[in-house]
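Here the structure comes first, spelled out in structure tokens, and everything after it is commentary.
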Amino acid sequence: MHAGRAFAAAGLSGALLALSFPALGHPASAWVACVPLLVVLHGTTSVRRALGLGLTTGGLYFAGTLSWLTQVMVSFGGIPRPVAILLNGLLVAYLALFPAAFAVMVVRLCRRFGSLGLLGAAPLWLTTELGRVWILGGFPWELVGYSQTEVLPVAQLASLVGVHGVTLVVLFVNSALAVALVGPQRYRWRVLASAVGLVAVVVGFGVARLSDNRLVGQGEPLRVGIVQGNIPQDQKWDGDRETQILNRYLDLSRQSAADGAALVMWPESATPFSFEAHPASAQIRQLARDTGVHLVFGSTQMRFDPDVQLFNAAFALTPDGDTAAVYHKMHLVPFGEYVPFGELLSFAGPLVEAVVPFSPGLRASTMSVGSHQVSVAICYEVIYPGLVREFVRHGSELLTTITNDAWYERSAAPHQHFQQAAMRAIEHGRYLVRAANTGISGVVDPYGRVVRRSQLFETTVLTEDVRLLKELTFYTRVGDLPAYLSLLLTVGAMVVAWRPRRGRAAS
Numbered sequence: 000m001h002a003g004r005a006f007a008a009a010g011l012s013g014a015l016l017a018l019s020f021p022a023l024g025h026p027a028s029a030w031v032a033c034v035p036l037l038v039v040l041h042g043t044t045s046v047r048r049a050l051g052l053g054l055t056t057g058g059l060y061f062a063g064t065l066s067w068l069t070q071v072m073v074s075f076g077g078i079p080r081p082v083a084i085l086l087n088g089l090l091v092a093y094l095a096l097f098p099a100a101f102a103v104m105v106v107r108l109c110r111r112f113g114s115l116g117l118l119g120a121a122p123l124w125l126t127t128e129l130g131r132v133w134i135l136g137g138f139p140w141e142l143v144g145y146s147q148t149e150v151l152p153v154a155q156l157a158s159l160v161g162v163h164g165v166t167l168v169v170l171f172v173n174s175a176l177a178v179a180l181v182g183p184q185r186y187r188w189r190v191l192a193s194a195v196g197l198v199a200v201v202v203g204f205g206v207a208r209l210s211d212n213r214l215v216g217q218g219e220p221l222r223v224g225i226v227q228g229n230i231p232q233d234q235k236w237d238g239d240r241e242t243q244i245l246n247r248y249l250d251l252s253r254q255s256a257a258d259g260a261a262l263v264m265w266p267e268s269a270t271p272f273s274f275e276a277h278p279a280s281a282q283i284r285q286l287a288r289d290t291g292v293h294l295v296f297g298s299t300q301m302r303f304d305p306d307v308q309l310f311n312a313a314f315a316l317t318p319d320g321d322t323a324a325v326y327h328k329m330h331l332v333p334f335g336e337y338v339p340f341g342e343l344l345s346f347a348g349p350l351v352e353a354v355v356p357f358s359p360g361l362r363a364s365t366m367s368v369g370s371h372q373v374s375v376a377i378c379y380e381v382i383y384p385g386l387v388r389e390f391v392r393h394g395s396e397l398l399t400t401i402t403n404d405a406w407y408e409r410s411a412a413p414h415q416h417f418q419q420a421a422m423r424a425i426e427h428g429r430y431l432v433r434a435a436n437t438g439i440s441g442v443v444d445p446y447g448r449v450v451r452r453s454q455l456f457e458t459t460v461l462t463e464d465v466r467l468l469k470e471l472t473f474y475t476r477v478g479d480l481p482a483y484l485s486l487l488l489t490v491g492a493m494v495v496a497w498r499p500r501r502g503r504a505a506s
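For the sequence shown, numbering that gives the first Met the number 0 begins at 0 and goes up steadily by one.
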């Protein structure tokens, strides 16, 4: 194929991948997004061209899903737009290396097995997504499986094999469609029938799980209040607004307690001061005593043993106003809470200087609410499947997440973030409660159905009933074992693909 058409096809795949996610896209895009790339890779013999095609797909994929990041750095990082675009471009270029590695591996498989090598695309892609989860601390924003979070009959598969399993199914359908376009005639209908059969089984399981619906009637009920303070990012740390901000949270919390809430949640960094180091913390403890609620909120915590450490933390107070537990955020946001390779980014001095370096937490601890255990994922660490699974394995009966998405303004990011958090509810068969400073706050049931959600940039309190659940899903029990089996399969396939070719594969 002519180079221009090949790269146009790769670009189309990148655009369709980006359009698989909120807020402008549609989940249907994911089922065909990689087909153009796979078709051109089948006809590619050059590893160098494969690398370029993968970079093209990845570049558009991540430029589309992370387009909001430039404005964040301009508005809140205090750096010029050209530099922000450059920094965003560096992150996109890094992430594009993963689809590039995928493209190279696909070409190697096709060299060895002809067009049937395309059927290996699903485990190859998933292997690169595992790389995004783990390499350099990970940045697993919008894995392909998340595109199906709102397609509930499909998304129920996550209760068995997690978001990675959903990715496998979506990519297998893509590879089957590609084989149907360029594969041997005798295989085309068989491959398509296999894909249709697999999707039918997945949907059948999903419909049955949704119809069963028993989790919404199990466990002990708990009434939860979610306070959305709606504090603009440029006002959060304004000392002159401290009292006003605190009073807003106190008033809304009293309103929720009067509506029967036993647990009240504030978002990440809700207090306009470091909780333990400020006299006004006494008012927050008194709130718990006056209302008799358990209170969970985000603030910062300083420790001095042995060195000074600053943590992004979640505090849990008992109805007596005592601190029941403190959880330290484990997965920090690059360029928000630390600057990776900051010594190499001298041209981005204002950003490096503006970011206060936090220390990561070391333990996935849960918090007590009476005799029950709940977990708190802070901000974007809720997109790490393994971390939330640790919480549940440690006894969490309710998933909660607190975040400050004010940084993202009215971009697609808050919608993407909410969508990814909802997948955790399906994976573990738990209610998920989300408190966000400027939205989107809400409650998601164990099947991924949104019980209630707020609008962006509204000051509100949501008070809803959830249930504390103990039953473990199959995914909670086995974790990402199927994903790591895909990794082993990929390694084995690459060993075979790089051996000297002895025979002629199907074409």
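Heads up, the beta-carbon is just placed ideally off N, CA and C, and yes, glycines get one too.
Starting from residue i and walking both ways along the beta strand (DSSP E), at which residues does that stretch end?
| i | result |
| --- | --- |
| residue 368 | 366-368 |
| residue 223 | 219-227 |
| residue 377 | 371-377 |
| residue 464 | 459-467 |
| residue 449 | 449-452 |
Between which two residues does the alpha helix (DSSP H) harbouring residue i extend?
| i | result |
| --- | --- |
| residue 81 | 80-112 |
| residue 415 | 412-427 |
| residue 150 | Per DSSP, residue 150 belongs to no alpha helix (DSSP H) and is neither H nor E. |
| residue 232 | Counting along the chain, residue 232 falls outside any alpha helix (DSSP H), and DSSP gives it neither H nor E. |
| residue 124 | 120-133 |
| residue 14 | 2-17 |
| residue 250 | 241-257 |
| residue 61 | 46-64 |
| residue 475 | 473-477 |
| residue 43 | Unbroken run through residue 43: none, as it is neither H nor E. |
| residue 485 | 480-496 |
| residue 384 | 384-392 |
Cutting at 6 Å between CB atoms, please list the residues of its own chain near residue i, excluding the five before and the five after it.
| i | result |
| --- | --- |
| residue 36 | 9, 12 and 56 |
| residue 349 | Here residue 349 scores only 48 on pLDDT, less than 50, and its place in the model should not be relied on; the value that follows carries that caveat. Closer than 6 Å at the Cβ level, and outside the excluded window around residue 349, lie 77 and 78. |
| residue 63 | 17 |
| residue 15 | 28 and 32 |
| residue 359 | 329 and 331 |
To which residues does DSSP link residue i through a beta bridge?
| i | result |
| --- | --- |
| residue 517 | No information on residue 517 is available, as it lies outside the stretch 0 to 506 that the chain covers here. |
| residue 302 | 308 |
| residue 26 | Its beta-bridge partners do not exist; DSSP assigns none. |
| residue 322 | 316 |
| residue 295 | 264 and 315 |
| residue 441 | 433 and 452 |
| residue 397 | 373 |
| residue 327 | 312 |
Within the same chain, show all residues whose beta-carbon is closer than 8 Å to that of residue i, passing over the 5 residues directly before and after it, in chain order.
| i | result |
| --- | --- |
| residue 67 | 407, 408, 410, 411 and 412 |
| residue 44 | 106 and 110 |
| residue 214 | 428, 444, 445, 446, 466, 468 and 470 |
| residue 259 | 222 and 462 |
| residue 154 | 147, 148, 165, 205, 422, 425 and 447 |
By Cβ distance, which residues of its chain are closer than 7 Å to residue i, with the 5 residues on each side in sequence left out?
| i | result |
| --- | --- |
| residue 2 | none |
| residue 497 | 107 |
| residue 347 | For residue 347, the predicted structure reports a pLDDT of 46, less than 50, and the residue's modelled location is therefore unreliable. A value from the coordinates is still provided. Within the same chain, residue 347 has close Cβ partners 78, 82 and 86. |
| residue 91 | 58, 61, 62 and 65 |
| residue 4 | none |
Can you determine whether any heavy atom of the ligand ATP sits closer than 8 Å to the C-beta of residue i, and answer yes or no?
| i | result |
| --- | --- |
| residue 270 | Of the ligands one can find in the structure shown there are none, so the ligand ATP has no counterpart to examine. |
Taking 8 Å as the cut-off, does the stretch 205-222 touch the stretch 238-250 (at least 3 CB pairs, one atom from each stretch)?
no
Do the stretch 116-136 and the stretch 172-181 meet, that is, are 3 or more Cβ pairs less than 8 Å apart?
Contact between the stretch 116-136 and the stretch 172-181 is present, because at least three Cβ pairs lie under 8 Å.
Whether or not the stretch 228-243 and the stretch 463-472 are in contact is what I'm after, with contact meaning three or more pairs of Cβ atoms, one per stretch, closer than 8 Å; do they touch?
Because the criterion of three Cβ pairs below 8 Å is not met, the stretch 463-472 and the stretch 228-243 do not touch.
Beta strand (DSSP E) runs wholly inside the stretch 259-286, at least 3 long, in chain order
262-264
Could you tell me whether the stretch 474-493 touches the stretch 443-456, using the rule of 3 or more Cβ pairs below 8 Å?
no
Three or more C-beta pairs closer than 8 Å, one from the stretch 265-274 and one from the stretch 284-291: is that the case here?
Contact fails: fewer than three Cβ-Cβ distances are below 8 Å.
Check whether the stretch 376-390 and the stretch 320-330 are in contact - that is, three or more C-beta pairs closer than 8 Å.
yes
Which runs of the alpha helix (DSSP H) at least 4 residues long sit entirely within the stretch 151-212? Give them in chain order.
151-154, 157-181 and 184-211
Stretch-stretch touch, CB-based, cutoff 8 Å, three pairs: the stretch 391-407 with the stretch 365-377:
yes
Validate contact between the stretch 183-191 and the stretch 125-134 using beta carbons, cut 8 Å, 3 pairs:
no
Is there contact between the stretch 161-168 and the stretch 14-27, where contact requires at least three CB pairs shorter than 8 Å?
no
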